[in-house]
Amino acid sequence: MSSVPTPRKQSVVNAFGQLVIEFVQATGDLALFATSILRWLCRGLPRRSVVVECMYEVGVRSIPVVLITGMFIGMVLAVQGYQQFHLMRMETRMGAVINMALVAELGPVLAATMLAGRVGSAMAAQLGTMRVTEQIDALRALGANPIQYLVVPRFLSCFLLIPLLTVMADAIGVAGGWVFSTQVLGVDATYYWHYSTEYVAAWDVGAGILKSMFFGAAIALIACHRGFKCGAGAEGVGQAATSSFVLSFVVILVLDFFLGMFLNDIYWTLWPGPSSFV
Amino acid sequence: MQPGDPFSDPFTGEESGRSIIELRGISRSFGSQEVLRNVSLDIRAGETVCLIGESGCGKSVTMKIMASLMQPTAGKVLWNDVPIKDRTDEELVRDRLRFGYLFQGAALFDSLSVFENIAFGLRQNTTMSDKFLAELVTERLKDVGMSPASAHKMPSELSGGMRKRVGLARTLALMPDIILYDEPTTGLDPIMIDVINTLILKTRKRRPVTSVIVTHEMSTVRKVADRVIMFYPLSRLEPGQPQIVFEGTPEEAFASEDPQVSQFVYGEAGERMQELSLL
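Chains E and C, in that order, give the protein sequences. Per numbering that gives the first Met the number 0, residue 0 is the first one in the first sequence, and the count goes up by one each step. Per numbering that gives the first Met the number 0, residue 0 is the first one in the second sequence, and the count goes up by one each step.
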């Protein structure tokens, strides 16, 4: 009776080498995919109805989830910050911390995370299913370019609409933090706003919105790429959706760190503070 | 027709018999798995060719390579004597429109209605008015025996046979000169199989199209094929044996004494039962 062959053991060096090769291949493939998106963006847009439908799905249908999460994040920051500030009798400064955290970091990252979870995974699964069921081949057979028809509208929707979602997350978060701080925790509203406007500048809001555009581009790129490279069957589609979210989330945080450092450098170059004279 | 201007000619009677698709030494692998090895074949204008063979022997891959929907690992593909690699992207898209492709599961776009599916290629490649488009879609639906009322249904509301017929209507909408059918009758009941076979014949009668059909259905081979090409899985080939084990008319295929051919066309398991330890 024949027995099932045992798989050959791989040495650590082999496994590491394999990982490096796979990483380089995946990165190269993603770069080529991004290049083809840019090429098709320059060649012209697909039909307006296709773009509008995609924008509705990405933008309008993401509003409720972004508003709900944004509001609760604002309130959570108020709850967590109050005890610490109260100990120092500095509750009125809470507004500065809550609003700064929201517009510079939490608003853009939260909107991007929601987009990656709600839209990115769905895009990867949808495109993956289209690939598995040969619908992408059918597009090509009917004279349409799948990148132009499927990817460009999704990329544009994510890239152009995430700033608006970020603004909404910022606004509702600020409102949530203010309502909870002033109406429930009893912080003085006048000083709350006074310190908020003193510490939060237009630059911080703008930097957050600018970062969100990079997040939107990364989410669309990763989700569409995962969908196009989806493996066979239901398992392949599931993996494409999962890996799209996980990879997008990691990339959002990494991008956030590097863009944050870069934008801070620009800020201090344009408006040198006292520290630069030390 | 000007030399080097592929597909500029209509498929007239005097042109029929000329090779319009040529595969030369085609190989294709997926990772470490080799599916096609050094396959060469010609498809001549006006004929109906059936590609047969066991599942996984590379028939559908061959057809996708023919339509340039998949690239071979080695070898070249010629359309009207011109290698497809010599074409620019625009020329490739334009010439590919001469091919109609009926996919295995019909590959209808889930998010679009039957009407939008059939009109898709026309919207994409022409500036046809909505009124003319509606007339044309209705006509194509009638061609495949479907009621114009079904135009507003979504693909999820259709049965397997209806999906295949909508797929065929979508394929025919662009008036292709070459139609590639990938298992058009798989999963259908015997009556629907005959309906699809009849539609294939009807399409050919109406216009001088060239057809390539991947099928496991011998009734399709008997009814529509002018020529049969049989593939064999690489894992079962003798050393040095070509992957195409038979090429000839349907009558020759059914009369063949080669066990590789006769076992397939008559559906006999033969030595496979011992190999699978089922006996």
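All C-beta atoms, glycine included, are put in the ideal place defined by N, C-alpha and C. Predicted, not measured: the structure shown is a model, and the values here were computed from it.
For residue i, the residue or residues it bridges with in DSSP
| i | result |
| --- | --- |
| C/V48 | C/V211 and C/R226 |
| C/P82 | C/L77 |
| E/Q147 | The partner list for E/Q147 (beta bridge, DSSP) is empty, contrary to what the question assumes. |
| C/G247 | C/V227 |
| C/S28 | C/E33 |
| C/V38 | C/I25 |
| C/F98 | C/I177 |
| C/R43 | C/S18 |
Amino acids of chain C, ordered along the chain, whose beta-carbon sits closer than 7 Å to that of residue i
| i | result |
| --- | --- |
| E/E21 | Ordered by position in chain C, no residue passes the 7 Å Cβ test against E/E21, which lies about 12 Å from the chain. |
Partners in chain E for residue i, counting only beta-carbon separations shorter than 8 Å
| i | result |
| --- | --- |
| C/A106 | T132, E133, Q134, D136 and A137 |
| C/R95 | R139, A140 and G142 |
| C/Q103 | E133 |
8 Å contact criterion, which residue i and residue j should meet: CB distance rounded
| i | j | result |
| --- | --- | --- |
| E/I221 | E/G119 | 7 Å |
| E/V102 | E/G207 | 5 Å |
| C/A44 | C/I83 | Rounded, the Cβ-Cβ distance is 17 Å, inconsistent with contact. |
| C/S172 | C/L111 | The sequence as given places Ala at residue 172 of chain C; Ser does not occur at that position. Going by Cβ atoms, the distance from C/A172 to C/L111 rounds to 13 Å, so no, they are not a contact pair. |
| E/A100 | E/L66 | Rounded, the Cβ-Cβ distance is 18 Å, inconsistent with contact. |
| C/V244 | C/V227 | Contact doesn't hold; Cβ gap of about 11 Å is too wide. |
| E/F227 | E/L254 | Rounded, the Cβ-Cβ distance is 22 Å, inconsistent with contact. |
| E/Y148 | E/P45 | 5 Å |
| C/G160 | C/L179 | Wrong, their Cβ atoms sit about 20 Å apart, outside the cutoff. |
| C/D41 | C/F102 | Incorrect: roughly 24 Å between the Cβ atoms, too far for contact. |
| E/M70 | E/G80 | That pair is no contact at about 16 Å. |
| C/A168 | C/L140 | 6 Å |
| C/L77 | C/R23 | 7 Å |
| C/K58 | C/V213 | 4 Å |
| E/A168 | E/L109 | 5 Å |
| E/G176 | E/M74 | 6 Å |
| E/V131 | E/V64 | In fact, because the Cβ distance is near 28 Å, the residues do not count as touching under 8 Å. |
Cross-chain neighbours of residue i in chain E, by beta carbon under 7 Å
| i | result |
| --- | --- |
| C/V280 | Residue numbering for chain C in the displayed model covers 0 to 278; residue 280 of chain C lies beyond these limits and cannot be assessed. |
| C/F29 | What C/F29 touches in chain E: nothing, since even the nearest Cβ is about 10 Å away. |
Contact set between residue i and chain E, taken where Cβ atoms lie within less than 9 Å
| i | result |
| --- | --- |
| C/F98 | A140 |
Next item on the list: For the stretch 113-146 of chain C, enumerate the residues whose C-beta is nearer than 7 Å to any C-beta of chain E, in chain order.
Entry: F119, G120, Q123 and N124
Note to self: Which runs of the alpha helix (DSSP H) at least 4 residues long sit entirely within the stretch 115-149 of chain C? Give them in chain order.
What the structure shows: 129-142
Check: Along the stretch 250-263 of chain C, what residues have a CB closer than 8 Å to any CB found in chain E?
Finding: none
Margin query: Along the stretch 196-213 of chain C, where does the CB come closer than 9 Å to a CB of chain E? Name the residues.
Written below: none
Checklist line | Members of the stretch 48-80 of chain C that neighbour chain E once the beta carbon cut-off is set at 9 Å | finding: K63, A66, S67, L68 and M69
Checklist line | Complete runs of the alpha helix (DSSP H) confined to the stretch 190-261 of chain E [at least 4 residues] | finding: 201-227
Next item on the list: List in chain order: all unbroken alpha helix (DSSP H) runs of 4+ residues lying wholly within the stretch 85-153 of chain E.
Entry: 93-100, 106-114, 120-131 and 134-140
Next item on the list: Taking only runs that begin and end inside the stretch 2-58 of chain E, name each unbroken beta strand (DSSP E) of 3 or more residues, in chain order.
Entry: none
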